[in-house]
Amino acid sequence: MGIAFVLLRLSPREFWAMSPLELSAALEALGVGSGSNMRRNELQRLMQQFPDDGQGGNEWQKK
15 MGIAFVLLRL
25 SPREFWAMSP
35 LELSAALEAL
45 GVGSGSNMRR
55 NELQRLMQQF
65 PDDGQGGNEW
75 QKK
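Just so we're aligned, residue 15 is where the sequence shown starts under the numbering used here, counting upward by one.
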């Protein structure tokens, strides 16, 4: 919602009146969210680069 209010300068009424398709089109016109989906090989590369430790959770959650 913040993107809609700040970048698109929509009022709450205008925001809630938009369909998801209209909001998506407006954001894509600004270059927001127009990226492509991650491919399997990209995910595998990231999983190798940043492996899970098998413990689950994050360090800040364990404190």
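Just so you know, even glycine gets a beta-carbon here, dropped at the ideal spot from N, CA and C. Every value quoted in this text rests on a predicted model; they were computed, and no experiment measured them.
task = State buried or exposed for residue 39, treating a residue as buried only when at least 16 other CB atoms are found within 10 Å of its CB.
result = exposed
request  = With a cut-off of 8 Å on the beta carbons, I'd call residue 21 and residue 37 a contact; round off their distance for me.
outcome  = Not a contact, Cβ separation roughly 11 Å.
task = Would you kindly work out how many angstroms separate the C-alpha atoms of residue 51 and residue 27, rounded to a whole number?
result = 31 Å
key: residue 44 in three-state terms, based on DSSP   = coil
message = If contacts are defined as beta-carbon pairs under 8 Å, then residue 17 and residue 35 qualify, I think. What distance do you get, rounded to the angstrom?
response = Not a contact, Cβ separation roughly 16 Å.
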